[in-house]
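Numbering (our numbering) for the sequence shown: 4 to 213. Think of the CB as a built atom: it goes at the ideal place given N, C-alpha and C, for glycine as much as any other residue. These numbers were taken from a predicted model, which means no experiment stands behind them.
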Amino acid sequence: MLSKEQRTESLIQKMAAEPPLRRNVWGSFVFLFPLLGIGLVLLFLSLYPITAPLIHIPTLFPDFLWIGIVGISAYWILSQLRFPEESFSKSSKLPILLGLIWVLYSGGLYAWDIIEDHEFSHHVGRCSATIFFSSILLCGSGIFILKNGNPGNPILSSAVLSIFSLALANLCLKFVCGDQSSYHIFFSHVLSSLFLFFISFFVFKNILKW
């Protein structure tokens with residue numbers, strides 16, 4: 004008679020060997036809907052003289068491009084997370100590592116400006132609040148993707164979902180924030196995103212736990 008551990012291992016191996024269910028192709032691109040909606044709103048606002056000065060076209064490299072890479076990798080991991088996730092544990096950490104590189108790069112850039120005694124404005128602004136509210140609105144698409152996959156690891160899913168929603172929020176913020184100084188990016192964008200990551204991680208972990 005098989006023990007409990009042997010039965011569990013046998014069940015996991017059986018589920019891993021089963022062919023994946025046929026997925027809805029359009030459902031995989033659900034994260035594009037809020038981005039397209041926000042893009043259309045920004046385009047509409049840029050056509051009017053009153054609101055046009057409020058819209059900022061971000062430079063592609065390096066901040067905007069890197070955040071885009073983080074968001075795309077987080078989306079890819081979210082769309083691939085399935086139970087069991089043992090064989091997927093290594094590549095699933097990619098968005099976390101990419102996000103950490105963004106934090107270290109922004110901190111290093113700010114430290115370099117201090118060492119070189121570069122002049123920059125000590126402006127914080129309302130960007131942290133913008134990231135907070137926009138990440139709440141945009142996390143719904145990530146939750147929808149996770150719901151279709153039924154992942155079995157709430158800790159991993161919560162971390163990737165938090166990075167996904169914050170990456171989308173930072174991408175949208177780049178269109179309305181014109182201050183690209185290292186001080187502002189590090190304190191208003193990076194540190195606030197890092198703080199919100201830990202908060203959203205614990206919130207999502209309680210929601211997605213087994």
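Between the C-alpha atoms of Phe135 and Ser196, what's the straight-line distance to the nearest angstrom?
-> When rounded, the separation of the alpha-carbon atoms in Phe135 and Ser196 is 8 angstroms.
Cβ neighbour criterion (16 or more within 10 Å) applied to Pro98 = The Cβ neighbour count for Pro98, taken over all protein chains shown within 10 Å, is at least 16; the residue is labelled buried.
Could you check the C-alpha separation between Gly110 and Val206 for me, to the nearest Å?
-> If you draw a straight line from the Cα of Gly110 to the Cα of Val206, it comes to about 26 angstroms.
How would you label Leu174, buried or exposed, when you count the other beta carbons within 10 angstroms and need 16 or more for buried?
-> So Leu174 counts as buried.
Exposure label - Asp66; buried when at least 16 CB within 10 Å | It is buried - the Cβ of Asp66 has at least 16 other Cβ atoms within 10 Å.
In the DSSP assignment, find the unbroken alpha helix (DSSP H) run with Gln83 in it and report its ends.
-> Segment Leu68 to Gln83, the alpha helix (DSSP H) holding Gln83.
Report the rounded CA-to-CA distance for Leu24 versus Leu140, giving the unit in angstroms.
-> No answer about Leu24 holds up, because its pLDDT of 47 lies below 50 and its placement is not dependable.
For Gly71, which of Ile202, Leu171 and Val193 has the nearest alpha-carbon?
-> If you compare the alpha carbons of Ile202, Leu171 and Val193 with that of Gly71, the shortest gap goes to Leu171.
Would you mind reading off the limits of the alpha helix (DSSP H) that contains Lys208?
-> Start and end: Leu194 to Leu211.
What is the DSSP secondary structure of Cys180, reduced to helix, strand or coil?
-> When secondary structure is reduced to three states using DSSP, Cys180 falls in the coil class, being assigned neither helix nor strand.
Helix, strand or coil for Gly128, going by three-state DSSP, please let me know.
-> The answer is coil: DSSP assigns Gly128 none of H, G, I, E or B.
Going by Cα to Cα distance, which pick from Tyr51, Val127, Val44 and Pro157 is closest to Leu81?
-> When each option's Cα is compared against that of Leu81, the closest is Pro157.
Residue environment, Val193, which counts as buried when at least 16 other CB atoms sit within 10 Å = The C-beta of Val193 has 16 or more other C-beta atoms within 10 Å across all chains shown, which makes the residue buried.
Under three-state DSSP, which class holds Asn156?
-> In the structure shown, Asn156 sits in coil (DSSP, three-state: anything other than H, G, I, E or B).
Going by alpha carbons, who is nearest to Val179 out of Ala132, Leu103 and Ser168?
-> Each of Ala132, Leu103 and Ser168 was checked against the Cα of Val179, and the nearest Cα belongs to Ala132.
N-terminal and C-terminal residue of the alpha helix (DSSP H) that Leu97 is part of = Note, Leu97: alpha helix (DSSP H), Leu97 to Ile118.
Cβ shell of Leu176 (< 8 angstroms), same chain only, five flanking positions each side left out | Taken in chain order, the residues that qualify are Cys130, Thr133, Ile134, Ser137 and His192.
How should Val44 be labelled, buried or exposed, when 16 other C-beta atoms within 10 angstroms of its C-beta is the threshold for buried?
-> Exposed, by the Cβ-count rule.
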